[in-house]
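Enquirer: All letters in the sequence shown, in the order written, are residues -29 to -1, 1 to 406 by mature numbering (1 follows the signal peptide of the UniProt record, and there is no 0).
Think of the CB as a built atom: it goes at the ideal place given N, C-alpha and C, for glycine as much as any other residue.
Got a structure for you, written out below as structure tokens; questions coming shortly.
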Amino acid sequence: MRITRRKLATLAATGALAVTAVVPVSASAAPSAPSGGAPQGRPACAVAETKAKANTKTTTTTKAADCMLRFATPKAGKARRFTAKAGLAQAGPGRTAALKAAAEGVPPGGLTAADLQDAYKLPSDLLGGRSTIAVVVPFDVTAAEQDLNTYRAANGMHVCDAEFPCFRKTGQRGGGTLPPSDPAWGLHAAVGLDMASAACPNCDLLLVEADAATLADQGAAVDQAVAQGARTVVVMDGWFAEYEGQGAQASHFDHPGVAVVAASGGSGFNGDGHQALPAAYPTVVAVGGTDLYRDASSGRGWTETPWRKTSSGCSLYEKRPSWQKKGACGDHRTVADAAAVASEYTPASAYDSGNGGWVNVSGPPLAAALVAGVYGLAGNTSSTPAPQRLYSHARSLFDLTSGANGLCAAAYLCTAGAGYDGPSGMGAPNGIGAF
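In structure tokens:
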């Protein structure tokens, strides 16, 4: 995702956004289009952030898996405990850790599954119908099921075991062949599985592990997920900047009757037209990020505004779908379609043993995984194209009407307002009616 120096200077001067400088990891980090048209590598993602007022700098790790998700270790404090569902006595992966988690609860500082269900008014215990949500990540994550069961047990959900077989894992070619292990991607897998569980505890979960972090490999993983019965697929890696030959990969993310979900990105308003892939494809539900706070004074019980880092804007190459109005983007696709929590100020709890266990996590994939869980809970993907349904069921969404992710000429592309806007799309889930 490219941000001009002029844009950075403008945002810093106005105080509208924290300054984000993109630092190349290597020459291969920038997307290119070799034979076959798929970018190799990904946009540069070692990010140095300087907040204008504090004049303090924090730098993310340069590992590819860390450029979209951030996490912090929970501080000491009173844990939240939930009534455990049946199943903890069954033999299964991570049983000891799950029993311990059920007894100890969820550490403080992050949104729990119960918080998310309440904020988005989800009838999570009643629906789901054991529909399948697929989570696509690059490389093998060996501890995925054990970590998932720890999260589920601590949040009062039935663990995935012989009695309730809700977890499967496969590679992009199916069968038992998995790609090499890479623990660096464990956080993406954990967030995808945990957030899908938070929204839809009764859904089956399918972890599809791509051979590599390329658009082509993850597209193949989406195809495999659909072949194995998934009706909702969330792509946890993204931020492949748009490129001229991207149409060659579009069919992998176009499956009628299946909701394919991806994050819009985390670089603020993108005025140059290079939106994140696969979110820029009109067949994909592009999910923006938000800040989500408890607010007893509101009828909802929560206040939600667009996250200042969430990405939005006009696609450079993708055509406008029929359900989007012809606005400032003309005949081109506008990002995003919907939104959910992603801010570092309102993180969610997740469990990743590769990062020490419980973490409070934020970032664009968090929002995408949560929205994917809502699609799985609703189970309506066969009736209407997933992105289109959002636009025809606006009353079943929380319309976010204040907040911004940058400065732009056409205000609705970077500033929340009544109805559609770029940062939050049509809004955040309010039950399952729009999904």
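Looking only at its chain, what residues have a beta carbon closer than 8 Å to the beta carbon of L82, apart from the 5 residues adjacent to it on each side?
Expert: Closer than 8 Å at the Cβ level, and outside the excluded window around L82, lie A90, L263, V312, T317, P318, A319, S320.
Enquirer: Determine, using beta carbons only, whether T254 and I104 come nearer to each other than 7 Å.
Expert: No, they are not a contact pair.
Enquirer: Buried or exposed, going by whether 16 or more other CB atoms sit within 10 Å of the CB of K296?
Expert: Exposed: under 16 other Cβ atoms inside 10 Å.
Enquirer: Rounded to the nearest angstrom, what separates N351 and A251 at their Cα positions?
Expert: In a straight line, the C-alpha of N351 is about 22 Å away from that of A251.
Enquirer: Sorted by chain position, which residues of the same chain lie with C-beta nearer than 8 Å to D266's C-beta, five sequence neighbours on each side aside?
Expert: G272, W273, T274, listed in sequence order.
Enquirer: Which of helix, strand or coil does DSSP assign to P336?
Expert: Three-state DSSP puts P336 in a helix.
Enquirer: Under 8 Å: do the segment 109 to 123 and the segment 137 to 151 share three or more Cβ pairs, one atom per stretch?
Expert: At 8 Å Cβ cutoff, the stretches touch.
Enquirer: Would you call the segment 162 to 177 and the segment 212 to 227 in contact, with 3 or more CB pairs under 8 Å?
Expert: Verdict: no, contact absent.
Enquirer: Have a look at K92 and N401 and give me their C-alpha separation to the nearest angstrom.
Expert: Cα to Cα, the separation comes out at about 6 Å.
Enquirer: What's the gap between the Cα of H223 and the Cα of G298?
Expert: Near 28 Å, if we compare the C-alpha coordinates of G298 and H223.
Enquirer: Quick one, are the C-beta atoms of G347 and S102 less than 7 Å apart?
Expert: Closer than 7 Å, so yes.
Enquirer: Within 10 angstroms of the Cβ of L248, are there 16 or more other Cβ atoms? Answer buried if so, exposed if not.
Expert: Under this definition L248 is a buried residue.
Enquirer: Can the beta-carbon of A340 be found less than 7 Å from the beta-carbon of V256?
Expert: Their beta carbons are not under 7 Å apart, which means A340 does not touch V256 by this criterion.
Enquirer: Please name the residue, chosen from Q195, G237, A349, that lies closest to D225 on a Cα-to-Cα basis.
Expert: It is Q195.
Enquirer: Expressed to the nearest angstrom, what Euclidean distance is found between the alpha-carbon atoms of L97 and S353?
Expert: Cα-Cα distance, rounded: 20 Å.
Enquirer: Hey, quick one: how far does the beta strand (DSSP E) through D182 stretch, first residue to last?
Expert: Careful: D182 lies outside any beta strand (DSSP E) and carries neither H nor E.
Enquirer: Where C174 and S168 are concerned, what is the direct C-alpha to C-alpha distance, given to the nearest angstrom?
Expert: Going by the C-alpha atoms only, they are around 7 Å apart.
Enquirer: Can you name, in chain order, every residue of its own chain whose Cβ lies under 7 Å from the Cβ of T121, other than the five neighbours on each side?
Expert: Closer than 7 Å at the Cβ level, and outside the excluded window around T121, lie G65, A68, A69, A72, Y322.
Enquirer: On the DSSP bridge list, what partners appear for residue 410?
Expert: This structure cannot speak to residue 410, because the chain is shown only from -29 to 406.
Enquirer: Whole angstroms are fine: how far does the CA of G270 sit from the CA of G334?
Expert: In a straight line, the C-alpha of G334 is about 27 Å away from that of G270.
Enquirer: Spell out the partners DSSP gives V107 in its beta bridges.
Expert: The partner list for V107 (beta bridge, DSSP) reads V179, V206.
Enquirer: So, A405 versus L361, is the Cβ gap smaller than 7 Å?
Expert: Taking 7 Å as the Cβ cut-off, A405 and L361 qualify as a contacting pair.
Enquirer: So what does DSSP say about R304, is it helix, strand or coil?
Expert: Of the three classes helix, strand and coil, the one that applies to R304 here is strand, per DSSP.
Enquirer: My output table needs one value for A212: the three-state DSSP class, helix, strand or coil.
Expert: If DSSP states are grouped into helix, strand and coil, A212 belongs with the strands.
Enquirer: Consult DSSP for P358 and reduce its assignment to one of helix, strand or coil.
Expert: If DSSP states are grouped into helix, strand and coil, P358 belongs with the helices.
Enquirer: Taking the alpha carbon of L368 as the reference point, which residue from Y391, N376, A380 has its own alpha carbon closest?
Expert: Per the Cα distances, Y391.
Enquirer: Taking the DSSP output, what are the residues bridged to S320?
Expert: According to DSSP, which records beta bridges pairwise, S320 is partnered with N331.
Enquirer: Taking the C-alpha atoms as reference points, what is the distance between M207 and H159?
Expert: Computed Cα separation, rounded: 6 Å.
Enquirer: Cβ atoms of G327 and S282: under 7 Å apart, would you say?
Expert: No. Outside cutoff.
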